[in-house]
Amino acid sequence: DGMNILFIVVDDLRPVLGCYGDKLVKSPNIDQLASQSVVFSNAYAQQAVCAPSRVSFLTGRRPDTTRLYDFYSYWRVHAGNYSTMPQYFKENGYVTLSVGKVFHPGVSSNYSDDYPYSWSIPPFHPSTEKYENDKTCRGKDGKLYANLLCPVNVTEMPSGTLPDIQSTEEAIRLLNVMKSKKQKFFLAVGYHKPHIPLRYPQEFLKLYPLENITLAPDPWVPEKLPSVAYNPWTDIRQRDDVEALNVSFPYGPLPDDFQRQIRQNYYAAVSYLDMQVGLLLNALDDIGLSNSTIVVFTADHGWSLGEHGEWAKYSNFDVATRVPLMFYVPGVTTSSVGQRERVFPYLDPFSHISGLVPQGKWRSKKVVELVSLFSTLAELAGLQLPPTCPETSFHVALCTEGASIVRYFNASEEKDECDEPYRCF
Amino acid sequence: DEEPVAFSQYPRPADTPQWNSDKPKLKDIRIMGYSMRTSDYRYTVWVQFNPNNFSANFEDIHAGELYMVETDPNQDCNVYNSTSHGHFLKKIL
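From first to last, the protein sequence lines stand for chains Z and S.
Quick note: to get our numbering, add 1449 to the position in the first sequence (first position is 1).
Quick note: to get our numbering, add 902 to the position in the second sequence (first position is 1).
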């Protein structure tokens, strides 16, 4: 009987993770997931911006078919009544649930996260999401600002919490409900961080002393870069702390010290995210669902951390389009464990000695795309594969423009050699 | 058994950066950058785009990028216009 699906999608996360070879980051929980998964090291989004990328991988269609390149149209009205991946699971007997940011909220998902088509119950949005862009960041003068860099004292935040903390709590609650009802589920959990503002519990900053943070390896605008290709990082310029720097448009540059602070805060936000993922996976163990649940971990696109003199996404560069992508499939990517055995014990980023979690057990270097997620998950769950779309498919409700990548699971190399000694047993 | 290819794209309102370059509304899109990624290279063409009928005109190329993964993994050296890669481009196309 089909496996459950836990689909974790992270907002603006590039593969700055231990299991992708990053030596600075502390991401023990995601690394632990990778060690039980097949890890794709060359996975790319169809477009490096939230709504178009999410609608693309959730419908299995490319942006030229969803005709969504911005945030302001709903594919069912504007392009075609395409079935979505959760909708397909729902039609195949799953209870489908959305927590946090899965679809991009607003017009592009009909102000409803495409409920009821995609989801069995109304999607959950953390109540504190609405404060995301408020003036909650304490400046050096003690006043509150809407900054890009925003380490906070969580107890001072509205409702004394943050959106991703609330999302983890709700996802764990739903897992318990599904277990008690013995119900097959497709649970999508969308985390907000490290999307800007980089607002996270301030203690995570201690993990990344500024003296350890360097500039990007190539922090200048390349000489032969066509001007049309360059993205002028407009959204971060509108944050109070960046605006105060009075940086020239479009090329800046930002002061070196501030560039390093952005990178420092991005890493801190990634470790905060890792903690949330760790709590969620630990609960999967506690509830006894680790042996019957496929876990997918990915992001909607990457984020430039100063490379090519750019920040944010909004370009075709690898740093903006490349995403982490891994699949944990019990009994396939890892031998099934005894009911009592833990697969994902929580690992505290503050006390965990990095390097004690081996890199992804199975790694595939194949170049793959997020548009393949729909067919890949259908195949892993044992559902009939959605048909391949014809050349023009605006009139076709169910088809996919991305082929399943399960065939690359077998082609992936087992990481028996240890190419990064500090990271392997 | 062919090596897979990944396709990305990004819209722009103009050839040079302006305030809405990062997030142009559909009606303001004039150029679309289509990227093709393989394990060996990254090839992008920025072509004229008509938002009224969603058509991209590959005859009207505004700019191009070509990065060789092995020698330039960080994509800092665009060799689209270099003669030494002319044959390579023909091969791709």
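Every residue, glycine too, gets a C-beta built ideally from N, C-alpha and C.
Bear in mind that the values here come from a model prediction, so they are computed numbers and not experimental data.
Item to check | C-alpha distance - F1799 of chain Z paired with P1565 of chain Z, whole-angstrom precision | outcome: 41 Å
Next on the checklist: Residues in the same chain with beta-carbon distance under 7 Å from V1670 of chain Z, minus the five sequence neighbours each way, listed in chain order, please.
Outcome noted: Y1679, Y1700, H1757 and G1758
Next on the checklist: Strictly under 8 Å for the Cβ-Cβ distance: is V1504 of chain Z near chain B by that measure?
Outcome noted: As a matter of chain content, chain B is missing from the structure shown, whose protein chains are Z and S.
Checklist entry - So what does DSSP say about N1453 of chain Z, is it helix, strand or coil? => result strand
Checklist entry - What whole-angstrom Cβ distance do P1650 of chain Z and Y1721 of chain Z have, given they're in contact under 8 Å? => result 6 Å
Checklist entry - What is the DSSP secondary structure of Y1715 of chain Z, reduced to helix, strand or coil? => result helix
Next on the checklist: For the segment 937-950 of chain S, list every residue whose C-beta sits within 8 Å of some C-beta in chain Z, in sequence order.
Outcome noted: S937, R939, T940, S941, R944, T946 and W948
Next on the checklist: So for M1775 of chain Z, helix, strand or coil by DSSP?
Outcome noted: strand
Item to check | Within-8 Å CB hit, K993 of chain S to chain Z | outcome: no
Next on the checklist: For I933 of chain S, list the residues DSSP reports as bridge partners.
Outcome noted: S:R914 and S:Q950
Checklist entry - Who are the Cβ neighbours of V1726 of chain Z in its own chain at under 6 Å, not counting the five residues just before and after it? => result N1478 and I1479
Checklist entry - Can you give the Cα-Cα distance for G988 of chain S and L968 of chain S, rounded to whole angstroms? => result 10 Å
Checklist entry - Can you give the Cα-Cα distance for E1869 of chain Z and G1470 of chain Z, rounded to whole angstroms? => result Because E1869 of chain Z sits at a pLDDT of 42, beneath the cut-off of 50, its placement in the model cannot be relied upon, and the point is left open.
Checklist entry - Mind checking if E1869 of chain Z is an interface residue toward chain S, Cβ cutoff 8 Å exclusive? => result Reliability fails at E1869 of chain Z, whose pLDDT of 42 lies under 50, so the model's placement of it is uncertain and the value that follows must be treated cautiously. No, its Cβ sits nowhere closer than 8 Å to a Cβ of chain S.
Checklist entry - Counting Cβ pairs closer than 8 Å, one from the segment 1590-1610 of chain Z and one from the segment 1660-1676 of chain Z, do we hit at least three? => result no
Checklist entry - Among Z:A1620, Z:P1643 and Z:H1641, which residue has its Cα nearest to the Cα of F1634 of chain Z? => result Z:A1620
Checklist entry - Under a Cβ-count criterion, where at least 16 other Cβ atoms within 10 Å of its own Cβ denotes burial, should A1497 of chain Z be classed as buried or exposed? => result buried
Item to check | Which of helix, strand or coil DSSP assigns to K1628 of chain Z | outcome: helix
Next on the checklist: Under 8 Å, Cβ to Cβ, is there at least one residue of chain Z near F960 of chain S?
Outcome noted: no
Checklist entry - Can you list the residues of chain S that V1677 of chain Z reaches, using a CB-CB cut of under 9 Å? => result R914, A916, D917, T918, P919, S923, I933, G935, W948, H964 and A965
Checklist entry - Taking DSSP as the reference, what is the three-state secondary structure of F990 of chain S? => result helix
Checklist entry - chain S partners of L1674 of chain Z, CB-CB under 8 Å? => result E967 and N980
Checklist entry - Should F990 of chain S be flagged as near chain Z, meaning a C-beta pair shorter than 8 Å? => result no
Checklist entry - From F1823 of chain Z to N1453 of chain Z, what does the alpha carbon distance come to, in whole angstroms? => result 15 Å
Checklist entry - Who does E967 of chain S pair with in a DSSP beta bridge? => result S:T946
Next on the checklist: Helix, strand or coil, according to DSSP, for K1655 of chain Z in the structure here?
Outcome noted: helix
Next on the checklist: Which of the three DSSP states is assigned to C979 of chain S in this structure?
Outcome noted: coil
Checklist entry - How far does the alpha helix (DSSP H) with Y1640 of chain Z in it reach, from first residue to last? => result That residue, Y1640 of chain Z, is in no alpha helix (DSSP H); its beta strand (DSSP E) goes F1634 to Y1640.
Next on the checklist: Taking DSSP's pairing of strands, which residues face Y1493 of chain Z in a bridge?
Outcome noted: Z:R1771 and Z:E1818
Checklist entry - The beta strand (DSSP E) spanning L1647 of chain Z covers which residue range? => result L1647 to P1650
Next on the checklist: Measuring only the C-alpha atoms, how far is F1746 of chain Z from K1550 of chain Z?
Outcome noted: 14 Å
Checklist entry - By Cβ distance below 7 Å, which residues in the same chain neighbour N1596 of chain Z in space, the five residues on each side in sequence not counted? => result C1586, P1646, R1688, D1689 and D1690
Checklist entry - Would you say the segment 1502-1510 of chain Z touches the segment 1844-1859 of chain Z, given that touching needs at least three Cβ pairs under 8 Å? => result yes
Checklist entry - If you follow the alpha helix (DSSP H) that A1693 of chain Z is part of, which residue opens it and which one closes it? => result Neither: A1693 of chain Z is in no alpha helix (DSSP H) and is coded neither H nor E.
Checklist entry - How about the segment 1515-1527 of chain Z and the segment 1573-1590 of chain Z: do they share at least three Cβ pairs that are nearer than 8 Å? => result no
Next on the checklist: Can you list, in chain order, the residues of its chain with a C-beta nearer than 8 Å to that of N976 of chain S? Leave out the 5 residues immediately preceding and following it.
Outcome noted: none
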